[in-house]
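Just below is one structure, and these are the notes that go with it.
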Amino acid sequence: VPARKIQKLARRQSCRARAGRVAKVFVIAGVVAGGAFAAWKWWDRQANPDWLVEPPAPTEVPETGRLSSVDGSGRSVLDPEVRAKEAEEEKDRDE
């Protein structure tokens, strides 16, 4: 086996070993960063649970914006076609 081939194989093997070490470092760094992020999110949830946070103040709706058909305070203004249809239905019920 010629010396050049041995040197070439040794270079290739050392290059692969270096690439393997770099890949291993990246994987370990990713796992550590992911673990740190998960621990940080867990700690944040423990320090600020959802039930402890106060809800925002309710907004008040002006009286003019009331929905009479929803709250039952009175009849809302209906379209003439709808009014005619309701009158027809009431007439059919009365018969």
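Mapped onto this note's numbering, the consecutive letters of the sequence shown carry residue numbers 289 to 383.
For every residue, glycine included, the Cβ atom is placed at its ideal position computed from N, Cα and C.
Computed from a predicted structure; not experimentally measured.
Checklist line | Span of the alpha helix (DSSP H) around LEU340 | finding: One-based indexing of the sequence shown puts residue 340 at position 52. Run containing LEU340: none; DSSP gives neither H nor E here.
Notebook entry, point to check: Hey, how far is the Cα of TRP339 from the Cα of ASP332?
Noted result: Indexing the sequence shown from 1 puts residue 339 at position 51. Indexing the sequence shown from 1 puts residue 332 at position 44. Rounded to whole angstroms, TRP339 to ASP332 spans 14 Å at the Cα level.
Notebook entry, point to check: What is the DSSP secondary structure of GLU272, counted as helix, strand or coil?
Noted result: Nothing can be reported for residue 272: it is not among the residues displayed for the chain, which extend from 289 to 383.
Note to self: Rounded to whole angstroms, what is the Cα-Cα separation between GLU383 and ARG371?
What the structure shows: Within the sequence shown, the letter at position 95 stands for residue 383. Within the sequence shown, the letter at position 83 stands for residue 371. Taking the straight line joining both Cα atoms gives about 19 Å.
Margin query: Quick check on the DSSP output: the alpha helix (DSSP H) that includes ASP332 runs from which residue to which?
Written below: If you number the sequence shown from 1, residue 332 lands on position 44. Counting along the chain, the alpha helix (DSSP H) containing ASP332 begins and ends at 291 to 335.
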